[in-house]
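To start, the structure itself, in structure tokens.
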Amino acid sequence: MATNSGKTALVVEGGAMRGIFAAGVLDAFMEQSFLPFDMVIGVSAGSINAAAYLANQHGRNYKVFTDYSLRPEYISWKKFLLGGHLMDLDWSWDITGSELPINIDLLFEKNIDFEIGITLNVDGSSRFIKATPENLSDVMKASCSVPLFYRNFLKVDGEIVADGGVSAPIPVERAIEKGATKIMVIRSRKSDYRMKNGNENKLSRFLFRKHPGLTKAIQKRPDIYNQTIELINHPPAGVEIIDVCPTDSFSTKRFTQDKEILDKDYRLGKEQGIEAIKRW
107 MATNSGKTAL VVEGGAMRGI FAAGVLDAFM EQSFLPFDMV IGVSAGSINA AAYLANQHGR
167 NYKVFTDYSL RPEYISWKKF LLGGHLMDLD WSWDITGSEL PINIDLLFEK NIDFEIGITL
227 NVDGSSRFIK ATPENLSDVM KASCSVPLFY RNFLKVDGEI VADGGVSAPI PVERAIEKGA
287 TKIMVIRSRK SDYRMKNGNE NKLSRFLFRK HPGLTKAIQK RPDIYNQTIE LINHPPAGVE
347 IIDVCPTDSF STKRFTQDKE ILDKDYRLGK EQGIEAIKRW
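Under my numbering, the first residue of the sequence shown is numbered 107, with each subsequent residue one higher.
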């Protein structure tokens with residue numbers, strides 16, 4: 107149960123390339139020195155956006171989305187059809203880790219409670235890992251490991267895991283559990299979006315038959331997503347939720363490779379970021 111401790115939280119959704127919106131929002135926050143949160147929870151690409159924000163690395167993730175993520179080494183349908191990764195997380199992690207590392211010293215000196223969500227393949231449940239200087243890179247990578255599109259399965263604390271956005275796409279409930287009574291949520295889809303069962307859900311039983319828990323989580327994901335939107339729109343008594351969503355002009359998709367579109371949606375994120383500060 108949430109305690110009435112009056113904590114503040116930031117929750118950042120993932121969404122692969124759609125994360126360009128949150129990168130814009132959070133760059134606007136950094137420009138305004140806006141950091142009123144006791145806790146930050148990120149999943150998938152949202153964890154990378156959150157980490158750069160806490161490390162005060164303005165523009166870091168803009169460069170990740172509009173430079174590194176557009177290189178053929180990262181997203182390649184040709185490699186994917188030949189049995190490789192569609193999103194080569196190993197390449198991305200190595201190059202950004204050496205050329206654009208997260209400033210761990212700055213991130214952790216703030217003493218803000220930062221958690222990253224992952225999905226346990228054994229039973230499909232969510233686990234939220236408290237980020238430390240030692241585990242940050244590994245846990246973020248695990249949280250970003252989208253099943254099928256990244257072919258490897260990573261381990262955290264000895265458990266085989268997958269993308270945190272599978273089991274907890276927008277971890278608002280976690281923030282409430284931890285005692286947050288004022289929560290800002292940065293989404294990567296428009297406010298009226300509701301998730302339907304897609305082909306991935308149908309294929310998952312076959313593709314991940316060795317990981318029945320993951321299959322279960324993929325099957326349940328649309329319901330969990332839509333229930334979370336309901337929670338955001340109708341929070342429990344004593345909880346205020348500020349929902350920061352892309353507007354109708356947002357056109358970035360999960361695998362968008364068009365820099366003009368990404369630039370436009372990054373600027374949209376910055377505009378929405380300024381609005382979000384006013385609403386807070």
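Glycine residues also receive a C-beta, built at the ideal position from the N, C-alpha and C atoms.
Query, Result
"Need the endpoints of the beta strand (DSSP E) that residue 114 sits in, please.", "113-118"
"State buried or exposed for residue 239, treating a residue as buried only when at least 16 other CB atoms are found within 10 Å of its CB.", "exposed"
"What's the C-alpha gap between residue 114 and residue 142?", "7 Å"
"Measure the C-alpha to C-alpha separation of residue 164 and residue 312 and round it to an integer number of angstroms.", "42 Å"
"How far does the beta strand (DSSP E) with residue 201 in it reach, from first residue to last?", "No beta strand (DSSP E) holds residue 201; the alpha helix (DSSP H) holding it covers 195-205."
"Hey, could you find the ends of the beta strand (DSSP E) residue 232 is sitting in?", "232-236"
"With burial defined as no fewer than 16 other Cβ atoms inside 10 Å of the residue's Cβ, what is the status of residue 110: buried or exposed?", "Model confidence at residue 110 stands at a pLDDT of 48, short of 50, so the residue's coordinates are unreliable; what they give is reported in the following sentence. The residue is exposed, with fewer than 16 neighbouring Cβ atoms inside 10 Å."
"Quick one: grab the DSSP three-state call for residue 242.", "helix"
"Rounded to the nearest angstrom, what separates residue 344 and residue 282 at their Cα positions?", "10 Å"
"Measure the C-alpha to C-alpha separation of residue 362 and residue 186 and round it to an integer number of angstroms.", "16 Å"
"Using a Cβ distance threshold of 8 Å, determine whether the segment 347-356 contacts the segment 287-307, with at least three qualifying pairs required.", "yes"
"Using a Cβ-Cβ cutoff of less than 6 Å, which residues in the same chain neighbour residue 346 once the five nearest sequence positions on both sides are dropped?", "288"
"So the beta strand (DSSP E) residue 211 belongs to, where does it begin and stop?", "Careful: residue 211 lies outside any beta strand (DSSP E), inside the alpha helix (DSSP H) at 210-215."
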